[in-house]
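Protein chains in written order, with the working numbering: chain E, 90 to 183; chain W, 8 to 406.
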Amino acid sequence: MSKRKKGDFFLEKAADIFDLPGEIVAGMSRITVTGGSRVFIENHKGILEYGRERIEINGGRVIITVGGEGLDIRSMSDSELLVTGRILSLNFDY
Amino acid sequence: MEWLLSLFSGRVRVAVTCLYPERFMNICAESGIAFSDLEYTDGSVILVTVSLKDYKRLKRLFGGRFAMSAVRKTGTPFLLYGIRKRYALIIGMAVCFFAVWIMSMFIWQIEVTGNEKISTSRILAELDSLGVRVGTCSFNVSQDYISNEMLLRVPELCWIAVNVNGSRAEVKVREAVKPPEMADSSTPTLIYAAKGGLITGVTVLEGQTECAVGQTVSAGDVLATGIVESRLGGHRTVHAKARVTARTWYNTEAVTPAERSEKEYTGEKKTKTTIILADKRIKLYIDSGISWSHYDKITERRQLKLFGAVLPISVEKTTAYEYEIKTSRADDSAELEEYLLNSVESRLNDGEILSASFEHGEGDGVLRARISAECREQIAASRELTEEELGAVGLEQST
Numbered sequence: 090m091s092k093r094k095k096g097d098f099f100l101e102k103a104a105d106i107f108d109l110p111g112e113i114v115a116g117m118s119r120i121t122v123t124g125g126s127r128v129f130i131e132n133h134k135g136i137l138e139y140g141r142e143r144i145e146i147n148g149g150r151v152i153i154t155v156g157g158e159g160l161d162i163r164s165m166s167d168s169e170l171l172v173t174g175r176i177l178s179l180n181f182d183y
Numbered sequence: 008m009e010w011l012l013s014l015f016s017g018r019v020r021v022a023v024t025c026l027y028p029e030r031f032m033n034i035c036a037e038s039g040i041a042f043s044d045l046e047y048t049d050g051s052v053i054l055v056t057v058s059l060k061d062y063k064r065l066k067r068l069f070g071g072r073f074a075m076s077a078v079r080k081t082g083t084p085f086l087l088y089g090i091r092k093r094y095a096l097i098i099g100m101a102v103c104f105f106a107v108w109i110m111s112m113f114i115w116q117i118e119v120t121g122n123e124k125i126s127t128s129r130i131l132a133e134l135d136s137l138g139v140r141v142g143t144c145s146f147n148v149s150q151d152y153i154s155n156e157m158l159l160r161v162p163e164l165c166w167i168a169v170n171v172n173g174s175r176a177e178v179k180v181r182e183a184v185k186p187p188e189m190a191d192s193s194t195p196t197l198i199y200a201a202k203g204g205l206i207t208g209v210t211v212l213e214g215q216t217e218c219a220v221g222q223t224v225s226a227g228d229v230l231a232t233g234i235v236e237s238r239l240g241g242h243r244t245v246h247a248k249a250r251v252t253a254r255t256w257y258n259t260e261a262v263t264p265a266e267r268s269e270k271e272y273t274g275e276k277k278t279k280t281t282i283i284l285a286d287k288r289i290k291l292y293i294d295s296g297i298s299w300s301h302y303d304k305i306t307e308r309r310q311l312k313l314f315g316a317v318l319p320i321s322v323e324k325t326t327a328y329e330y331e332i333k334t335s336r337a338d339d340s341a342e343l344e345e346y347l348l349n350s351v352e353s354r355l356n357d358g359e360i361l362s363a364s365f366e367h368g369e370g371d372g373v374l375r376a377r378i379s380a381e382c383r384e385q386i387a388a389s390r391e392l393t394e395e396e397l398g399a400v401g402l403e404q405s406t
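So, in structure tokens, the structure goes:
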């Protein structure tokens with residue numbers, strides 16, 4: 090584990106202990122699911138795999154996998170990502 | 008909203024040929040190039056929409072590495088680029104914008120709110136005399152000066168605010184509420200019969216009674232006097248107050264023409280349109296005369312608006328409807344009876360009609376109706392005691 094990752098780990102723990110917003114303190118990804126058709130991810134670190142039925146997103150210490158049908162990346166910037174389509178699953182790989 | 012702003016600043020739909028779309032997306036994200044509406048088609052072609060500013064950066068970043076082409080360009084910069092050689096159009100647009108900008112400096116609509124008793128036309132007339140009218144430059148309107156002057160000129164107002172928003176002046180007013188008149192209870196008065204009748208009830212609150220139930224009185228007879236005997240001897244004066252109800256009788260006649268004239272529209276109409284530019288009228292018709300002998304004229308005026316903003320242009324439509332006068336036999340006996348009943352009721356002072364009978368007749372081209380009504384009403388009225396009345400008991404009128 091690199092120094093950066095160690096630092097992130099401690100910041101995440103500190104955010105948990107002191108009940109601070111993790112997305113601000115530790116730069117953790119914040120995921121907002123609206124209905125079954127929109128997933129809005131803040132603080133992402135890039136896309137690992139892109140397909141119409143599966144999109145893998147680098148969330149820093151976790152890989153977020155959005156599964157579904159007819160998935161689209163509606164918009165993307167350096168920190169925000171909006172996935173639309175029929176969302177069937179949301180998996181986290183540590 | 009963001010989409011609208013980006014459309015204003017220009018948007019480009021870009022087709023990028025690349026085998027690994029994730030790579031392209033990650034490089035875009037790392038470089039701060041925001042894109043939307045990503046579409047991945049077969050044949051390794053990605054379609055994304057970016058802003059014009061990001062499109063230039065995208066070309067710098069990927070121009071050499073990926074095959075890239077702009078599929079669609081939308082937004083104001085491209086629109087302006089497309090018409091860059093149409094000089095007349097550009098000049099026209101510039102003139103139009105300039106004209107709108109200039110026109111927005113003038114007041115084209117004055118709206119008065121909050122007035123109930125004072126008419127809007129009076130307020131507008133006073134504002135006009137102070138220089139605030141349609142066509143006035145809004146920079147010349149001193150809101151404090153206008154408010155102060157208006158309060159002096161219209162004393163019925165207690166507060167006024169003149170707010171100029173662009174080409175619209177909003178005048179908010181509040182009317183002054185007058186204090187109620189105080190009842191004078193110090194002047195010596197007497198109560199007299201305002202109408203003749205048969206007294207059915209007497210209630211004297213102050214003063215000395217001069218009448219009784221069952222007595223017949225004529226108009227002017229004294230019902231209660233304000234001169235009362237003093238316990239210490241002699242007389243003193245009071246402000247007499249009394250309520251005297253009596254049965255009264257009314258005989259009134261009303262007449263109406265035996266034949267009546269009614270309008271009957273022929274269905275013919277003529278419409279004339281006028282455009283009013285500020286205070287200049289531009290007629291959109293040639294023949295202004297109407298040859299019909301009888302017609303009604305209805306004028307509608309509509310102020311033009313552009314996106315809610317009032318323009319100094321009004322369209323006035325005047326429609327003339329032709330009609331003929333038809334004479335028919337009138338049967339107005341019911342209307343006459345109703346009119347007579349209303350006429351008697353309006354003459355009653357806090358009373359009611361107990362019974363009424365009618366007589367109808369016709370002659371000299373008119374219909375006649377006569378009412379004989381028996382009523383019950385309050386007949387007491389008060390007046391000041393005269394010097395003679397006071398002198399008769401050795402009192403003097405106080406000043």
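Built from N, CA and C at the ideal position, the CB exists for glycine as well.
Close-in-space but distant-in-sequence residues of the same chain around residue i (CB under 6 angstroms, 5 per side omitted)
i	result
aspartate 49/W	none
arginine 67/W	none
serine 43/W	Thr56
arginine 288/W	Thr281
isoleucine 117/W	Ala176
Coil, strand or helix - residue i by DSSP
i	result
lysine 277/W	strand
alanine 127/W	The displayed chain sequence assigns threonine, not alanine, to residue 127/W. Reduced to three states, the DSSP call for threonine 127/W is helix.
glutamate 366/W	strand
arginine 309/W	strand
phenylalanine 314/W	coil
alanine 150/W	Reading off the sequence, residue 150/W comes out as glutamine, not alanine. Helix, per DSSP.
tyrosine 183/E	coil
glutamate 133/W	helix
glycine 204/W	strand
isoleucine 97/W	helix
leucine 86/W	helix
tyrosine 302/W	strand
aspartate 167/E	coil
aspartate 228/W	coil
isoleucine 146/E	strand
serine 76/W	strand
arginine 140/W	coil
valine 341/W	For the record, residue 341/W in the displayed sequence is alanine; it is not valine. Alanine 341/W: helix per DSSP, three-state reduction.
asparagine 349/W	helix
glycine 157/E	strand
alanine 399/W	coil
Other residues of its chain near residue i: CB distance less than 8 angstroms, five sequence neighbours each side excluded
i	result
serine 193/W	His246
glutamate 369/W	Ala265 and Arg375
threonine 244/W	Pro195, Gly233, Ile234, Val235, Leu392, Leu397 and Leu402
valine 373/W	Val262, Thr263, Pro264 and Ala265
methionine 90/E	With a pLDDT of only 40 at methionine 90/E, under the threshold of 50, the placement of this residue in the model should not be trusted, and no figure is reported.
tyrosine 302/W	Ala327, Tyr328, Glu329 and Tyr330
Chain-order list of residues whose beta-carbon lies under 7 angstroms from that of residue i (same chain, five-residue window excluded)
i	result
threonine 196/W	Gly233, His246, Ala247, Ser389, Arg390, Glu391 and Leu392
leucine 26/W	Ser51
threonine 273/W	Glu329, Tyr330 and Glu331
alanine 168/W	Ser154 and Lys179
leucine 11/W	none
aspartate 228/W	Tyr199 and Ala200
valine 211/W	Ala231 and Ala249
glycine 3/W	This structure cannot speak to residue 3/W, because chain W is shown only from 8 to 406.
Contact with chain W by residue i, beta-carbon distance below 8 angstroms
i	result
serine 164/E	yes
aspartate 182/E	no
aspartate 167/E	yes
aspartate 105/E	no
Closer than 8 angstroms to chain E by CB, residue i
i	result
aspartate 44/W	yes
glutamate 123/W	no
glycine 39/W	yes
cysteine 35/W	yes
methionine 32/W	yes
tyrosine 152/W	no
tyrosine 62/W	no
tyrosine 47/W	yes
Contact list for residue i against chain C, beta-carbon separation under 7 angstroms
i	result
glutamate 138/E	Going by chain labels, chain C is absent from the structure shown, which instead holds the protein chains E and W.
Any non-hydrogen atom of the ligand PLP within 7 angstroms of residue i CB
i	result
lysine 92/W	This structure simply doesn't include the ligand PLP, nor any ligand for that matter.
- Is it a yes or a no for the stretch 214-226 of chain W touching the stretch 320-338 of chain W, going by three-plus beta-carbon pairs under 8 angstroms? no
- Does the stretch 132-151 of chain E come within contact of the stretch 33-40 of chain W, defined as at least 3 CB pairs closer than 8 angstroms? yes
- Are at least three pairs of beta-carbons, each pair with one atom in the stretch 169-180 of chain W and one in the stretch 110-128 of chain W, less than 8 angstroms apart? yes
- Message: Against chain W, which members of the stretch 107-136 of chain E pass a CB distance test of less than 7 angstroms?
- Response: Gly135 and Ile136
- For the 8 angstroms Cβ check, are there 3 or more pairs between the stretch 173-183 of chain E and the stretch 148-165 of chain E? yes
- Relative to chain E, which residues along the stretch 87-112 of chain W have a C-beta separation below 7 angstroms, given in chain order? none
- Message: Three Cβ pairs or more, each shorter than 8 angstroms: is that satisfied between the stretch 128-145 of chain W and the stretch 343-362 of chain W?
- Response: no
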